[in-house]
Amino acid sequence: MSQICPLFKREFLGYFRSPVAYVFLVAFVVISISLSFSPFGGFFESNDASLRLYFSFYPWLFLFLVPAVGMRLWSEERRTGTIELLFTLPVTRLEAVLGKFLAAWAFLTLAILSSITMAFTIAYLGKPDWGVVVSTYLGSILMAGGYLGVCSLMSALTKNQVISFVLGLIACAALLMLGFSGFTSTLESFLPVAAADAIANFSFATHFEGFTRGIIDARDVVFFLSLMGFTLFLNVVVLDR
Amino acid sequence: MIEVKGLVKTYGTKRAVDGVTFNVRRGDILGFLGPNGAGKSTTMKVITGYLPPTAGSVTVNGIDVTQDPVATKRLIGYLPESAPAYGEMTVTEYLNFLADIRGYRTKEARQAQVERAIGLTHLEGVRRQTIETLSKGYRQRVGFAQALLHDPAVLVLDEPTDGLDPNQKHEVRLLIRQMAAEKAVILSTHILEEVDAICNRVIIISQGKIVSDETPEKMHARKSGARLDEIFRQLTLSDV
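Chains A and B, in that order, give the protein sequences. For the record, in the first sequence the residue sitting at position 98 is 120 according to my numbering, with numbers rising by one throughout. For the record, in the second sequence the residue sitting at position 119 is 422 according to my numbering, with numbers rising by one throughout.
This is the structure in structure tokens:
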């Protein structure tokens, strides 16, 4: 497992060797903050010193931005042929998958934490509940990991980054939509309620919601961690073919 | 050092490598010759552990490549065809990353290996340039530096002189010959003069099968006075 460290370092610094990191970080902060100040966000109208409204856009924002980070993970290696180099170095598939995933996850965490100025803003405007702020950040980071696991898997399937992006987007959209009432009621019309409920349980949105209300439920944490574990396991299997 | 026994590799229904058996000892420079698509690269990819064999076995220094791939990969330096590299890194960053992966964990140890590889392949002038800005010849040399970095006991080079100008070709050949005494080297090529210049053994492979395995001198003796490419053509004609 000691091989993860050099792989992580190369991948993480790789974002900053090209304009990717700077474009992404700026876009992430600008889009997320302007959404909450926009008429859709209603940040001021809510008259509430909390980040609930700011984070309510995250599941939607991640839908586009996480595939943008995840799409290059394996597709790029396949396209440039460096995958042959990587897999003839003394590293196992698992180490390679983990090293790359953790680097991308750390990068997303950095993006999420760069919104910390929003927390200072609400602290200036009122008295926020810091417990809720911390749990929301924790939830966002875990949710980003879940999205990223799915996108990393999709990226391993193709050497075309556009296909990788679209596959990631579709898979994440499916996992997000599962939780919405319109979707579940459609499912309930032809499936038993218990089955529809079970499927709805796989949604990012349902598991994220608790965190935004300051509740760190073990089930939600386990959901995101096991989603990451499962997708990364499949990732190794796909690369082993 | 390398023992290949009854190696078969199929892609779908196509047999790319069909029962190849040979071994390479320390001090050997084995030239792997054959028309395009004969199975040279595939054989090398199995030896280096990139592709699993369909049947047969490959051992490096007595270790089976499917049993303990990480151990055999440590022993091998591999230059893949067209020398892929992480283009956004500079030459020094790239080689430092590889030294790290190759187990040189202290900064001094890494630096020593990187300097040695840069010196051997004459990359001093471009060390701070990103790899994507380099010309083909330099990129090939970076690939070469990558393969030599950990002073491996086994070198597997897939068309090492491809894309180099005559002077660079000469230099690479010289380098391979200098190092060969304490290493086992396999190199693939379709440049026949190269075999004469550096190899002490030649395997000709055609349609996934070995059609000859001998020294270059013996090969010349097959048909006295004939040029190597005539003999090559005769042996691989069924492929055309």
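Where a beta carbon is used, it is the ideal one built from N, C-alpha and C, also for glycine.
What residue 434/B touches in chain A, judged by beta-carbon distance under 8 angstroms, is nothing: the nearest beta carbon there is about 10 angstroms away. Residue-level contact check: residue 381/B touches chain A, since one or more beta carbons of chain A fall below 8 angstroms from its beta carbon.
Put simply, the backbone Cα of residue 339/B is about 31 angstroms away from that of residue 95/A.
Burial is judged here by how many other beta carbons sit within 10 angstroms of a residue's own beta carbon; residue 229/A has at least 16 and is buried. Taking a 10 Å sphere around the C-beta of residue 24/A, we find fewer than 16 other C-beta atoms and assign the residue as exposed. Ranked by how close their Cα comes to the Cα of residue 205/A, the residues 243/A, 165/A and 222/A have 222/A in first place. Among the residues facing chain A, residue 314/B is not included, as its CB has no counterpart in that chain under 8 angstroms away.
Interface flag for residue 210/A against chain B is unset, since no Cβ pair is found closer than 8 angstroms. The distance from the Cβ of residue 403/B to that of residue 413/B is about 6 angstroms, consistent with a contact at the 8 angstroms cut-off. In this structure, the alpha-carbon of residue 370/B lies about 28 angstroms from that of residue 102/A. Cα atoms of residue 128/A and residue 34/A: separation of roughly 8 angstroms, rounded to the nearest angstrom. For residue 306/B, the uninterrupted beta strand (DSSP E) segment begins and ends at 305 to 314. For the 8 angstroms CB-CB criterion, residue 421/B and residue 389/B do not form a contact.
Residue 146/A sits exposed, since fewer than 16 C-beta atoms from the chains shown fall within 10 Å of its C-beta.
For residue 465/B, no Cβ of chain A is located within less than 8 angstroms of the residue's own Cβ.
Rounded to the nearest angstrom, the gap between the Cα atoms of residue 311/B and residue 104/A is 25 angstroms. Secondary structure at residue 380/B: strand, using DSSP grouped into helix, strand and coil. Within chain A, the C-beta atoms nearer than 8 angstroms to that of residue 392/B come from 32, 36 and 39, in chain order. Per DSSP, the beta bridge partners of residue 367/B are 362/B. Listed as beta-bridge partners of residue 231/A by DSSP are no residues whatsoever.
Between residue 349/B and residue 361/B, the C-beta gap is smaller than 8 angstroms, which places the two residues in contact. Contact holds between the stretch 483 to 498 of chain B and the stretch 326 to 335 of chain B, because three or more Cβ pairs, one in each stretch, are under 8 angstroms apart. Using a Cβ distance threshold of 8 angstroms, residue 386/B and residue 327/B do not count as a contacting pair.
For the set 533/B, 455/B, 464/B and 345/B, the Cα lying nearest the Cα of residue 442/B is the one of 464/B. Between the stretch 190 to 197 of chain A and the stretch 305 to 322 of chain B there are fewer than three C-beta pairs closer than 8 angstroms, too few to call the two in contact.
Where residue 422/B is concerned, the enclosing alpha helix (DSSP H) starts and stops at 410 to 423.
Residue-level contact check: residue 373/B touches chain A, since one or more beta carbons of chain A fall below 8 angstroms from its beta carbon.
Residue 87/A and residue 367/B have their C-alpha atoms spaced approximately 43 angstroms apart. Contact annotation for residue 353/B against chain A: 106, 109 and 110 [CB-CB distance below 7 angstroms, chain order]. Taking 8 angstroms as the threshold, the shortest C-beta distance from residue 260/A to chain B does not fall below it. The beta carbon of residue 360/B sits no closer than 8 angstroms to any beta carbon of chain A. The count of Cβ pairs closer than 8 angstroms, one atom from the stretch 59 to 74 of chain A and one from the stretch 38 to 46 of chain A, stays below three, leaving the stretches out of contact.
For residue 439/B, no CB of chain A lies under 8 angstroms from its own CB, so it is not counted at the interface with that chain. Considering only 218/A, 197/A, 90/A and 203/A, the residue with the shortest C-alpha distance to residue 226/A is 197/A. Bounds of the beta strand (DSSP E) holding residue 513/B are 512 to 517.
8 angstroms or more divides the Cβ of residue 478/B from the Cβ of residue 514/B.
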